[in-house]
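A.B. asks:
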Amino acid sequence: MRRHVLAAAALLAAALAPATPAAAASGPCQPIGTAGLADLIPGDSTLGLSDLPRAPAGVDLPQQIHLRGTAETFNRRWSFALRGGLVYVKEASQSGGWRTMSLPGCLAGHVTGVSVDDDELVAVDEEGRIYTMDHALNAPWTWNWTHRFGAPLWLGGGNTVPYHSARWTWSVLSPGEDKVWRDTAGNDHPVGAAKVSHVFALSEDGSRITYVDPWLPADHSYEMATPKGGRFQARALSTAASTSFVVNQYGDMYTRLYDFDISGSDKVFFGYSYADQRGATFPKIQLPAPDWARQPKIPGEVTDRISVHKTGPGSNARELRVEGRDQGRTGYWSKALTAPGWTFTATDEPLSGKLLQNTPDDRSDDTLAAPSPYGYAGAAGAVSARVDAFDPAVAATPLTLRAGGQELRVTLHTVDGLRQTAHAPGLSSDPRSFYGNIEVPQTVLDHLDSYDPALRSLVRDRLAGARFTDSDVTVTDKALTIARLDLRLDRV
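Going by the working numbering, the sequence shown opens with residue 5, and the numbers climb by one from there.
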């Protein structure tokens, strides 16, 4: 979630408490660092690096890290590697030279995953608890840790990785590094006064992506749909600067620019519009948010070890990498986000990912998850209505209206509302509120007089004959309510 930077003097007072290289686990750590406060200006100082112990000779560490994951990861300045519950660091531009990082006492020796993007690094312990290290684009002497995570204002009591998943990734979109991002109307928008930071995690079957944000409630309720209407089953996930990258077992790959703010959920700080914003003098953020884009197939062997990292300002400045093999040599395939094809870089390092059945044809539809079981039907006067397979992670759902033997299909757009209290994942008896919008096709408006009077009246009276109309939408596991239509649909 992108926000204005707020002062927090109490945090600053406790922020730089020293960490220790190792200690026995004694329950959850509660370090209080500077994450969430104003960033330092990135520099090239390495002050404090030489104070860290050299990595022991027996620890197997690479000369370079080429792909971001949760065992090995990198940003523009530093490379990090996880071995035996400890984290090692070196300058990303240097070959070798690993040092042992200082960690909070009860975290040292108990780290199970690590991921860095921009100036923040996240480590996860055996219980899936999230810890954040700040200033990861600066010198090691500035690094400090916090257990804080969640509302309000990154001051919450902490959170965990959704699904207790091993397939998670840390993403940071920042005004300092990324500066702008581009919506589907082609308009560039400033990142804002602060960053948007998420942990994205993949469900066991690969069809759900849940994200947690340090300014949102400490729950696991916010989701980004996978490709194919949330039914694509991914084998791996990588995200950097709000650009997610997924692959299935057949080597079909997709990317998407998406986060809480880009989705349309942050109405407190941003203006959004479903109406065409191309050419607007002061454009709002175009909705719906960018969808998944299919990437070209790789002409060689690949594994499920995939990676995306930022390469400069702007949302197209991303590089994709996939571990693989070409003509008997191991290494990785890479391409710029919008490039038409892949190139291979040999490293001759052993493959660590699982080989995929990388077929030349598109097999994205071969392993789709079951459709959502939530269907709803009801009526408003003479108009009956139906929504099939409603999925809270999917931004657009067909809404079918019928009267007098005629059918009118409109689109119900929904995005998660801004919440500051926890909500259970998915749908339950606890009402879930969405920012909704009803889209009527232009062809319907052009020929509205040909429709049944009840349908015609609904469009003209309830929707004012508009192409796009905002409406609150409330959903439970038993009912779906569209306020603007005065319509309640019950579960079928």
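Heads up, the beta-carbon is just placed ideally off N, CA and C, and yes, glycines get one too. Bear in mind the structure is a predicted one, so any value in this text is a computation, not a measurement.
In this structure, does DSSP put K358 in helix, strand or coil?
C.D. replies: Residue state, collapsed to three classes: coil.
A.B. asks: I'd like to know if T104 contacts chain B, where contact means its C-beta is closer than 7 Å to some C-beta of that chain.
C.D. replies: Considering every chain present, this structure includes no chain B. It has just one protein chain.
A.B. asks: Let me know the secondary structure DSSP gives V128 once reduced to three states.
C.D. replies: V128 falls in the strand class under three-state DSSP.
A.B. asks: When you compare the stretch 229-244 with the stretch 197-209, are there three or more beta-carbon pairs, one atom per stretch, that lie closer than 8 Å?
C.D. replies: The stretch 229-244 is in contact with the stretch 197-209.
A.B. asks: Going by alpha carbons, who is nearest to K482 out of D395, Y378, G430 and A383?
C.D. replies: For K482, the nearest C-alpha among the options comes from Y378.
A.B. asks: Distance, Cα to Cα, V251 vs D494?
C.D. replies: Distance between the alpha carbons of V251 and D494 is about 36 Å.
A.B. asks: Work out the CA separation of E323 and S338 for me, nearest whole Å.
C.D. replies: Using only the alpha carbons, I get a separation of about 7 Å.
A.B. asks: Which residues in the same chain have their Cβ closer than 7 Å to the Cβ of P292, if we skip the five residues on either side of it in sequence?
C.D. replies: Once the five neighbours on either side are set aside, the close Cβ partners of P292 are A399, A400 and H417.
A.B. asks: Do you know how far the Cα of R186 is from the Cα of A321?
C.D. replies: Taking the straight line joining both Cα atoms gives about 11 Å.
A.B. asks: In the structure shown, what three-state DSSP assignment does Y226 receive?
C.D. replies: In this structure, Y226 counts as coil in the three-state DSSP scheme.
A.B. asks: How should Q361 be labelled, buried or exposed, when 16 other C-beta atoms within 10 angstroms of its C-beta is the threshold for buried?
C.D. replies: The residue in question, Q361, is exposed, as its Cβ has fewer than 16 Cβ neighbours within 10 Å.
A.B. asks: Does the stretch 165-182 come close enough to the stretch 275-289 that 3 or more CB-CB pairs lie under 8 Å?
C.D. replies: Flag = no, the stretch 275-289 and the stretch 165-182 do not touch.
A.B. asks: Considering only residues of the same chain and omitting the five flanking positions on each side of R298, which have a CB-CB separation below 7 Å?
C.D. replies: Hits under 7 Å: Y258.
A.B. asks: For S267 and G62, I'd like the C-alpha separation in whole angstroms.
C.D. replies: Between S267 and G62, the C-alpha separation is close to 46 Å.
A.B. asks: Restricting to runs no shorter than 4 residues, where is the alpha helix (DSSP H) found entirely within the stretch 174-246?
C.D. replies: Counting whole runs of 4 or more residues, the stretch 174-246 contains the alpha helix (DSSP H) stretches 231-234.
A.B. asks: If you follow the alpha helix (DSSP H) that A458 is part of, which residue opens it and which one closes it?
C.D. replies: Here the alpha helix (DSSP H) through A458 covers P457 to S461.
A.B. asks: Within this structure, are the beta carbons of E227 and T214 separated by less than 7 Å?
C.D. replies: Yes, Cβ-Cβ distance for E227 and T214 is below 7 Å.
A.B. asks: Please classify K358 as buried or exposed, where buried requires at least 16 neighbouring CB atoms within 10 angstroms.
C.D. replies: Exposed: under 16 other Cβ atoms inside 10 Å.
A.B. asks: Do V165 and L132 have their beta-carbon atoms positioned less than 7 Å apart in this structure?
C.D. replies: Note that residue 132 is Gly in the sequence shown here, rather than Leu. Contact flag set, yes.
A.B. asks: Thinking L405 and L412 are a contact (beta carbons under 8 Å), I'd like their distance in whole angstroms, please.
C.D. replies: Yes, they are in contact, since the Cβ atoms of L405 and L412 sit about 4 Å apart, within 8 Å.
A.B. asks: Taking the C-alpha atoms as reference points, what is the distance between L355 and E327?
C.D. replies: Going by the C-alpha atoms only, they are around 7 Å apart.
A.B. asks: Under three-state DSSP, which class holds Q424?
C.D. replies: Coil.
A.B. asks: Taking a contact to mean a Cβ-Cβ separation below 7 Å, would you say S311 touches R72 in this structure?
C.D. replies: Result yes, Cβ atoms of S311 and R72 sit closer than 7 Å.
A.B. asks: So what does N148 bridge to, in DSSP terms?
C.D. replies: DSSP, once it has assigned bridges, lists D138 as partnering N148.
A.B. asks: Kindly give me the distance between the Cβ atoms of A458 and V391, rounded to whole angstroms, as I take these residues to be in contact under 8 Å.
C.D. replies: Wrong, their Cβ atoms sit about 19 Å apart, outside the cutoff.
A.B. asks: Around the C-beta of P396, are 16 or more other C-beta atoms found within 10 angstroms, so that it is buried, or is it exposed?
C.D. replies: Buried: at least 16 other Cβ atoms inside 10 Å.
A.B. asks: Helix, strand or coil for I442? Go by DSSP, reduced to three states.
C.D. replies: Reduced to three states, the DSSP call for I442 is strand.
A.B. asks: Entirely within the stretch 35-101 and at least 3 residues each: give me those beta strand (DSSP E) ranges in chain order.
C.D. replies: Segments of the beta strand (DSSP E) lying fully in the stretch 35-101: 76-78, 82-87 and 90-95.
A.B. asks: In this structure, how does DSSP classify A11 when only helix, strand and coil are distinguished?
C.D. replies: Summary for A11: the model assigns pLDDT 35, below 50, so the residue's position carries little reliability; its value from the coordinates is reported in the next sentence. If DSSP states are grouped into helix, strand and coil, A11 belongs with coil.
A.B. asks: Within 10 angstroms of its Cβ, does E76 collect 16 or more other Cβ (buried), or is it exposed?
C.D. replies: With 16 or more Cβ atoms within 10 Å of its Cβ, E76 is classed as buried.
A.B. asks: Whose C-alpha, out of P402, I486 and D123, is nearest the C-alpha of G440?
C.D. replies: Ranking the options by Cα distance to G440, first place goes to I486.
A.B. asks: Looking only at C-alpha atoms, which of V120, W296 and V200 sits nearest to L341?
C.D. replies: Taking only the C-alpha atoms, the option nearest L341 is W296.
A.B. asks: Can you give me the start and stop residues for the beta strand (DSSP E) that I486 sits inside?
C.D. replies: A483 to I486 is the span of the beta strand (DSSP E), which, as asked, contains I486.
A.B. asks: Is the Cβ-Cβ distance between F264 and D192 less than 7 Å?
C.D. replies: Going by C-beta atoms, F264 is not nearer than 7 Å to D192.
A.B. asks: I'd like the list of long-range same chain contacts for P317, defined as Cβ closer than 8 Å, with 5 residues on each side in sequence excluded.
C.D. replies: Within the same chain, P317 has close Cβ partners E181, D182, K183 and V184.
A.B. asks: Report all residues from its chain with a CB closer than 8 Å to the CB of D490; omit the five preceding and five following residues, and keep chain order.
C.D. replies: Excluding sequence neighbours, D490 sits near A384 and R466.
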